[in-house]
Amino acid sequence: MPQISTAVPGPRSIALAERLRRVESPNVTYLAPDFPVFWDHAEGCLVTDVDGNRFLDVTSAFGVVGVGHNHPRVVAAVQEQAAKLLHGMGDVHPSEVKVQLCERIAGLVPIPHAQTILGQNGGDAVEAALKTAMLATGRPGVLAFENGYHGLTYGALDVTARPDFRGPFLPQLGGFTQHLPFGCSLASIGAHLQAHRPGAVLAEPIQGRGGIVVPPEGWLRGLRALCTETNTLLILDEIFTGWGRTGDWFACQFDGVIPDILCIGKAMGGGLPISACVASAELMSVWGVSTGEALHTSTFLGNPIACAASLAALEVLEEDNLPQRAALSGSVLAIGLHTLQTEFPLLITEVRGRGLMLGLEMVSPAIALPLVPAALRAGLILLPAGDGRVLEFVPPLVISEEQIAWCLTVLRHLLTEFA
Ligand SMILES: Cc1ncc(COP(=O)(O)O)c(C=O)c1O
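This is the structure:
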């Protein structure tokens, strides 16, 4: 369980912040008197900082450690692979683990006869998806949704809808994307597809960074039907929702929807940076067969250590039934959050989400944002989402009932103070 033994941040964290301030570009890490703590080591849902304080992490460190921090099977796989081969030539002389991982992905995703393009982060997967759609349809337009987050590289930024991220770079953006409100009427989407004929529609099944927003019942199925009718490709960004987080392996399975292209990342590496754009072999054939120079690749594509970590993480997810566990633990956490809402109706406006992807919406960012450093001082690592009014609860899928109960107790104390 968490244990705090110094002021938070402690003296070592403060000293590291001062050093970092001098050498890192100033917009990268948010440094304030009450934030952040510098991490030293972690295990399961617990993170220990450089001052020896132990925290409960309900962020999975950006949704990455679904299997928990430093899962022993992932660590062992990394160590074993590191002793053999650190780096391969991803698209020239690949390693065996790359083959194994692509096979494993093909067996787990809902797309039949799936083929992958590996990347290192979510943005890479989105770039590959956009290029696949362009090659397949010849139609450059993309319909994406307000509040959506798909990464910050230029292609991904074009589809990402947050004005704060896009604003300074608008003159360099491709401008191929149009955005409609997430969850808007299917009739308006149908009209848009007819009028503008984009090659692809891109959506998160549940918006993550946008504030844990679940679309209306049947919306994703409707989107699928509209795409099929208009010969538009449906790209689902399951970088956050994938790998058991929402209680299904992939959130689209809850709605019985199969996308044309699936973007995956975050939790698939068990903590190492790896992602993939996945589509059927038929759709992937639009790339043509390499004659010696890949049209889309990168130096570290299919890095052997990341592939080995991913194989281990996917094994753990499967053998420990973590998607099912996320559904069960998610309902326990959701009940607790709903109870808090009834106790603090003037502070909390909504609890939403599915599985272990839950959001607590507060009346204003002025209430939600100060809770983040206050929770940190109490031993709870939290992140805000959306416009700052939402607190994200996306813990490792291995979180225990005792840890959930502890988290709810801390929140109750904090909310009582704030009230
Ligand atoms: C849904 C979704 N797509 C894409 C990304 C971008 O991933 P990355 O930061 O690894 O590039 C994120 C990151 O939070 C995300 O949540």
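Counting from 1 along the sequence shown, just add 16 to a position and that's the residue number in the numbering used here.
Ideal Cβ placement from N, Cα and C applies to all residues, glycine included.
Residue span of the alpha helix (DSSP H) that contains residue i, given as start and end
{"i": "residue 153", "result": "138-153"}
{"i": "residue 329", "result": "320-335"}
{"i": "residue 383", "result": "381-394"}
Buried versus exposed call for residue i [16 or more other C-beta atoms within 10 Å across all chains shown]
{"i": "residue 254", "result": "buried"}
{"i": "residue 220", "result": "buried"}
{"i": "residue 65", "result": "buried"}
{"i": "residue 180", "result": "exposed"}
{"i": "residue 137", "result": "buried"}
{"i": "residue 207", "result": "exposed"}
{"i": "residue 112", "result": "exposed"}
{"i": "residue 304", "result": "exposed"}
{"i": "residue 114", "result": "buried"}
{"i": "residue 282", "result": "buried"}
{"i": "residue 142", "result": "buried"}
{"i": "residue 190", "result": "exposed"}
{"i": "residue 188", "result": "exposed"}
{"i": "residue 109", "result": "exposed"}
C-alpha distance - residue i paired with residue j, whole-angstrom precision
{"i": "residue 249", "j": "residue 229", "result": "23 Å"}
{"i": "residue 418", "j": "residue 131", "result": "41 Å"}
{"i": "residue 47", "j": "residue 30", "result": "9 Å"}
{"i": "residue 307", "j": "residue 166", "result": "31 Å"}
{"i": "residue 70", "j": "residue 153", "result": "51 Å"}
{"i": "residue 384", "j": "residue 125", "result": "36 Å"}
{"i": "residue 397", "j": "residue 85", "result": "14 Å"}
{"i": "residue 408", "j": "residue 309", "result": "42 Å"}
{"i": "residue 251", "j": "residue 293", "result": "10 Å"}
{"i": "residue 74", "j": "residue 403", "result": "19 Å"}
{"i": "residue 118", "j": "residue 279", "result": "14 Å"}
{"i": "residue 33", "j": "residue 39", "result": "10 Å"}
{"i": "residue 164", "j": "residue 257", "result": "13 Å"}
{"i": "residue 184", "j": "residue 135", "result": "26 Å"}
{"i": "residue 72", "j": "residue 360", "result": "23 Å"}
{"i": "residue 374", "j": "residue 105", "result": "40 Å"}
{"i": "residue 287", "j": "residue 211", "result": "43 Å"}
{"i": "residue 42", "j": "residue 36", "result": "9 Å"}
{"i": "residue 416", "j": "residue 349", "result": "10 Å"}
{"i": "residue 322", "j": "residue 313", "result": "16 Å"}
Top-ranked residue by Cα proximity to residue i, from the options
{"i": "residue 242", "options": "263, 216 and 267", "result": "216"}
{"i": "residue 435", "options": "81, 362, 410 and 206", "result": "362"}
{"i": "residue 391", "options": "309, 51, 205 and 321", "result": "51"}
{"i": "residue 128", "options": "396, 276 and 336", "result": "276"}
{"i": "residue 123", "options": "161, 374 and 334", "result": "334"}
{"i": "residue 53", "options": "399, 43 and 25", "result": "25"}
{"i": "residue 237", "options": "226, 213 and 199", "result": "199"}
{"i": "residue 367", "options": "269, 386, 382 and 346", "result": "346"}
{"i": "residue 387", "options": "170, 370, 369 and 423", "result": "423"}
{"i": "residue 298", "options": "151, 102, 325 and 239", "result": "151"}
Enclosing beta strand (DSSP E) for residue i [first to last residue]
{"i": "residue 97", "result": "From DSSP, residue 97 is part of no beta strand (DSSP E) but of the alpha helix (DSSP H) over 88-100."}
{"i": "residue 429", "result": "No beta strand (DSSP E) holds residue 429; the alpha helix (DSSP H) holding it covers 417-434."}
{"i": "residue 132", "result": "130-135"}
{"i": "residue 244", "result": "No beta strand (DSSP E) contains residue 244, which is instead part of the alpha helix (DSSP H) from 235-246."}
{"i": "residue 295", "result": "291-296"}
{"i": "residue 217", "result": "216-219"}
{"i": "residue 366", "result": "364-370"}
{"i": "residue 253", "result": "249-253"}
{"i": "residue 57", "result": "55-59"}
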